[in-house]
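>
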Amino acid sequence: MPTYRPGPVSLALAGLVALFLLLPLLAVIPVSLTPSRMLAMPTGELSLRHYRALIEDPRWIDAILLSIRIGIVSSAISTVLALCFSLGVWMFQPRFTAALVGFVLLPMVVPPVVSAITLYFLLTSISGFSSFFGYDTWLGVAMAHSVMTVPFATVLILVSLSQLDRRIDLAARGLGASVWQRATRIIMPNIKFGIVTAALLSFVLSWEEIGVTLFITSVNAITLPRLMWMGLRDNIDPAIAALSVILIIITVLVLAVRSVMARQRGGH
């Protein structure tokens with residue numbers, strides 16, 4: 001079967017498009033090196049003061065650690081819920097499967113503002129019973145993020161299940177395996193890649209969530225996106241540019257590692 005390679009004109013156009021898309025990201029690098037206290041391009045000397053501020057200012061460290069904690073808990077909750085729902089739908093095939101899936105995917109369709117207002121009233125109501133789990137608490141934020149990420153995790157797991165041969169489950173059931181054994185020993189090992197992908201996506205969505213977080217937090221649960229938003233709204237802190245550069249570098253490294261691992265698997 002012949003292979004088709006793009007010509008020089010196509011490669012040049014693709015490079016121009018990629019450069020056009022990357023220029024706004026590259027512009028953040030010199031801004032992060034400005035010696036000014038405001039967000040501006042450096043005019044002469046360069047400074048690492050804003051990178052030092054990320055390490056020395058406890059607000060940034062606390063926000064990063066809190067976002068990681070919320071992301072892990074939210075990812076675990078949403079992945080477990082999505083997995084239980086997807087396994088139940090796939091294994092038992094209830095009559096109203098389409099309606100059930102549509103109900104689970106509602107947070108993905110409903111405007112984020114509507115979800116944020118609903119979660120705000122829910123968490124403030126819970127705060128009347130418990131101050132540990134409610135409005136402006138990290139557990140309350142994790143629960144709210146789980147509500148927003150469950151639909152995405154469900155879609156990924158359902159896609160993985162749709163590619164699984166149902167005859168494997170039928171054979172296990174014919175041999176006398178229980179529902180728990182079929183789910184944990186037969187089905188889940190065959191969709192482990194989809195489960196891991198759902199967990200990672202849920203963590204990333206929780207990490208960058210800002211719309212709902214603005215409604216359900218005040219002064220105690222300050223996540224990293226909220227702190228960045230406060231910095232942009234109040235004083236346009238250049239430390240945000242420094243943090244953006246660090247996140248870009250981490251993303252590039254993750255993508256590079258993933259590309260190398262994919263090439264190694266392809267070689268084998």
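Sequential numbering from 1 applies to the sequence shown in full-length UniProt numbering.
We put the beta carbon where it would ideally sit given N, CA and C, even for glycine.
Please read these numbers as outputs of a predicted model, since none were measured by experiment.
Below 7 Å CB to CB, which residues in the same chain sit around S74 once its five sequence neighbours on both sides are set aside?
Taking the sequence shown and counting its residues from 1, one reaches residue 74 at position 74. Counting only Cβ-Cβ distances below 7 Å, and skipping sequence neighbours, we find A142, H145, S146, T149, S202, S206.
> Take the Cβ of E209 as the centre, count every other Cβ of all protein chains shown within 10 Å, and call the residue buried at 16 or more, exposed below.
Translated into the one-based positions of the sequence shown, residue 209 becomes position 209. Looking at its Cβ environment, which holds 16 or more other Cβ atoms inside 10 Å, E209 is buried.
> Which term fits P107, buried or exposed, when burial requires 16 or more other beta carbons within 10 angstroms of its beta carbon?
The count along the sequence shown starts at 1 and reaches residue 107 at position 107. Flag for P107 reads buried.
> My guess is that F193 and L119 are in contact by the Cβ rule of under 8 Å, so how many angstroms apart are they, rounded?
For the purposes of this step, residue 193 is taken as residue 193 along the sequence shown, with counting starting at 1. For the purposes of this step, residue 119 is taken as residue 119 along the sequence shown, with counting starting at 1. Actually they do not touch by this definition, with Cβ atoms about 31 Å apart.
> When you compare the CB positions of A98 and I157, do they come within less than 8 Å of one another, or not?
Working through the sequence shown from its first residue, we reach residue 98 at position 98. Working through the sequence shown from its first residue, we reach residue 157 at position 157. No. Outside cutoff.
> Please specify which runs of the alpha helix (DSSP H), each continuous and at least 4 residues long, are wholly inside the region 119 to 190, giving them in chain order.
Counting only runs of 4 or more, we get 138 to 162, 166 to 174.
> Below 8 Å CB to CB, which residues in the same chain sit around L227 once its five sequence neighbours on both sides are set aside?
Taking the first residue of the sequence shown as 1, we reach residue 227 at position 227. The answer, listed in chain order, is R59, W60, A63.
> By the 10 Å Cβ neighbour count, where 16 or more other Cβ atoms means buried, how is P151 classified, buried or exposed?
For this step, residue 151 is matched to residue 151 along the sequence shown. Classification of P151: buried, given that the 10 Å Cβ count is 16 or more.
> Do the region 244 to 257 and the region 173 to 182 meet, that is, are 3 or more Cβ pairs less than 8 Å apart?
They do not touch, by the three-pair rule.
> With a cut-off of 8 Å, do at least 3 Cβ pairs link the region 132 to 140 to the region 109 to 124?
Yes: the two stretches touch, three or more of their Cβ pairs being nearer than 8 Å.
> Determine the direct distance from the alpha carbon of R263 to that of V254, and round the result to whole angstroms.
Taking the sequence shown and counting its residues from 1, the one referred to as residue 254 is at position 254. Taking the sequence shown and counting its residues from 1, the one referred to as residue 263 is at position 263. V254 and R263: Cα-Cα distance of roughly 14 Å.
> According to the neighbour-count rule (16 or more other Cβ atoms, all chains shown, within 10 Å of its Cβ), is P24 buried or exposed?
Along the sequence shown, one-based indexing puts residue 24 at 24. P24 should be labelled exposed.
> Counting C-beta neighbours from all protein chains within 10 Å, is the total for I168 16 or more, i.e. buried, or is it exposed?
For the purposes of this step, residue 168 is identified with residue 168 of the sequence shown, where counting begins at 1. Burial call: exposed.
> Tell me the DSSP secondary structure of I70 in three-state form.
Translated into positions along the sequence shown, residue 70 becomes position 70. In this structure, I70 counts as helix in the three-state DSSP scheme.
> Taking the beta carbon of L161 as the centre, do at least 16 other beta carbons fall within 10 Å, making it buried, or is it exposed?
Taking the first residue of the sequence shown as 1, we reach residue 161 at position 161. L161 should be labelled buried.
> Would you mind stating whether S36 and P238 have Cβ atoms separated by less than 8 Å?
For the purposes of this step, residue 36 is identified with residue 36 of the sequence shown, where counting begins at 1. For the purposes of this step, residue 238 is identified with residue 238 of the sequence shown, where counting begins at 1. Cβ atoms of S36 and P238: closer than 8 Å.
> Any beta-carbon of chain B closer than 8 Å to the one on G231?
Protein chain content of the structure displayed is limited to a single chain, and chain B is not contained in it.
> Which ranges would you report for the alpha helix (DSSP H) in the region 194 to 264 if only whole runs of at least 4 residues count?
If we require 4 residues or more, the alpha helix (DSSP H) runs fully inside the region 194 to 264 come out as 211 to 216, 224 to 234.
> So, is S10 buried or exposed, given that buried needs 16 or more other C-beta atoms within 10 angstroms?
Reading the sequence shown from its first residue, position 10 is the one you call residue 10. By the neighbour-count rule (16 or more Cβ atoms within 10 Å), S10 is not buried but exposed.
> Mapping DSSP to helix, strand and coil, what is A30?
Within the sequence shown, residue 30 is the residue found at index 30, counting from 1. For the record, residue 30 in the displayed sequence is Pro; it is not Ala. Of the three classes helix, strand and coil, the one that applies to P30 here is helix, per DSSP.
> Anyone know if the C-beta pair for I240 and L66 falls short of 8 Å?
Position 240 of the sequence shown, counted from the start, is the residue given in the question as residue 240. Position 66 of the sequence shown, counted from the start, is the residue given in the question as residue 66. No.
> Between F92 and T154, how many whole angstroms is the CB-CB distance? I'm expecting something under 8 Å.
For the purposes of this step, residue 92 is taken as the residue at position 92 of the sequence shown. For the purposes of this step, residue 154 is taken as the residue at position 154 of the sequence shown. About 16 Å; that fails the 8 Å criterion.
> Taking the alpha-carbon positions, what's the T79 to R95 distance?
Translated into the one-based positions of the sequence shown, residue 79 becomes position 79. Translated into the one-based positions of the sequence shown, residue 95 becomes position 95. Going by the C-alpha atoms only, they are around 24 Å apart.
> State the DSSP-derived secondary structure class of D57, mapped to helix, strand or coil.
Residue numbering aside, residue 57 sits at position 57 when the sequence shown is read from its first letter. Coil at D57, not helix or strand.
> Which class does S115 belong to by DSSP, given the choice of helix, strand or coil?
Against the sequence shown, residue 115 aligns to sequence position 115. Residue state, collapsed to three classes: helix.
> In chain order, what residues of the same chain have a beta carbon less than 6 Å from the beta carbon of A172, not counting five sequence neighbours either side?
Position 172 of the sequence shown, counted from the first residue, corresponds to residue 172. Result list for A172: R182, I186, in chain order.
> Excluding sequence positions up to five away, which residues of its chain have a Cβ less than 7 Å from the Cβ of I29?
Here the question's residue 29 lines up with position 29 in the sequence shown. Same-chain partners within the cutoff: V245.
> Report all residues from its chain with a CB closer than 8 Å to the CB of L170; omit the five preceding and five following residues, and keep chain order.
Within the sequence shown, the letter at position 170 stands for residue 170. Taken in chain order, the list of residues that qualify is empty.
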